[in-house]
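Only one structure is covered here, and it is reproduced in the block below.
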Amino acid sequence: MSSKEKGKLAMQVGRLYGSNRRADKPAHIYLTGLKKGGQLYQEMVNKNSGFENYLIDLAEKTHVELFPLDRIVYLSPDSCTPLDDIDQEKIYVIGGLVDEGIKKNATQYRALEANIPTARLPIQEHMTRLDGMPTSLVLAVNQVFDILLNFTKTRDWSQALAVGVPRRKGFVAHSNTLSNDQRDDHNNTHGDAHINAHSKENSNNHSNAHGNKESYTHSNEVT
Ligand SMILES: C[S@@+](CC[C@H](N)C(=O)[O-])C[C@H]1O[C@@H](n2cnc3c(N)ncnc32)[C@H](O)[C@@H]1O
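Per UniProt numbering, the very first residue in the sequence shown carries number 1; after that it's consecutive.
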């Protein structure tokens with residue numbers, strides 16, 4: 001990852017942390033593969049006020065070193081397997097990647113090498129493709145996290161994806177589940193600038209104070 005991409009990833013982690021703090025059912029977050037004193041760590045500190053006091057688990061080890069392999073699910077936009085449900089016993093890994101020129105299969109291949117199953121968000125199953133618009137299934141780290149948080153709360157993929165997938169990705173929610181942002185987009189042809197990030201450095205997983213164990217790891221390890 002370039003310095004610019006690391007800065008973007010650090011900001012996405014800040015947004016992710018903010019979402020988790022506001023969540024009714026917060027997740028237990030691990031940032032893995034993050035070397036204290038490294039450039040990404042420094043970006044985290046620079047971009048996020050109070051980062052060193054964040055209530056998350058930081059680890060220099062990777063998710064593969066920290067968790068039993070049979071509990072890990074690596075989330076990848078290129079996976080063939082749609083994520084049906086969130087299993088409280090599993091660790092869900094979000095790749096700490098900001099790839100402005102998208103590196104297809106980066107996390108998919110990395111997971112395959114480590115014998116870890118992968119899953120993609122079920123966007124095609126629960127959203128409608130917009131005619132005449134290019135589509136992308138690649139979301140930013142914090143967007144993926146927000147969708148998982150929302151699904152944990154609502155148990156409804158249509159709603160969770162409607163809130164988390166920007167219309168510029170070429171998919172729209174079914175009309176009864178349109179998010180406010182998507183409703184606004186119906187009257188506005190300009191989407192926000194979007195960051196396709198691909199970095200490779202940390203991992204975050206989380207469980208909540210009520211014993212909710214689902215975990216979201218976000219790891220930075222693909223080159
Ligand atoms: C900006 S994406 C990186 C895309 C990169 N080309 C790759 O192969 O992972 C950051 C991370 O968010 C997660 N992600 C993004 N879109 C996803 C999707 N549609 N389904 C599952 N995970 C997704 C993946 O864990 C991914 O590594």
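Beta carbons are placed, not taken as given, at the ideal position from N, Cα and C, and that holds for glycine.
Taking C-alpha positions only, V45 is separated from N53 by approximately 10 Å. A distance below 8 Å between beta-carbons, with the five flanking residues on each side excluded, links T154 to the following residues of its chain, in chain order: A160. Straight-line spacing of the CA atoms in T62 and Q108 works out to 16 Å. Here the C-alpha atom of R21 lies approximately 11 Å from the C-alpha atom of G14. L16 is positioned such that its CB atom lies no closer than 8 Å to that of G96.
The three-state secondary structure of H174, taken from DSSP, is coil. Here Y30 carries a strand assignment [DSSP, helix/strand/coil]. The Cβ-Cβ distance between F67 and R129 does not fall below 8 Å. In the three-state DSSP reduction, G132 falls in the coil class, being neither helix nor strand.
Beta-bridge analysis with DSSP links D57 to Y30. Rounded to the nearest whole angstrom, the CA to CA distance from L137 to K6 is 21 Å. Classified as buried, Q12 has 16 or more neighbouring CB atoms from the shown chains inside 10 Å of its CB. Counted as a single uninterrupted DSSP element, the alpha helix (DSSP H) harbouring L149 occupies residues 141-154.
As DSSP reads the structure, L75 sits in a beta bridge with I94, A119.
Taking C-beta separations shorter than 8 Å and ignoring five residues to either side along the sequence, the partners of L83 in its chain run V73, L75, A119, R120, L121, P122, following chain order. The Cβ atoms of A59 and T32 lie closer than 8 Å to each other.
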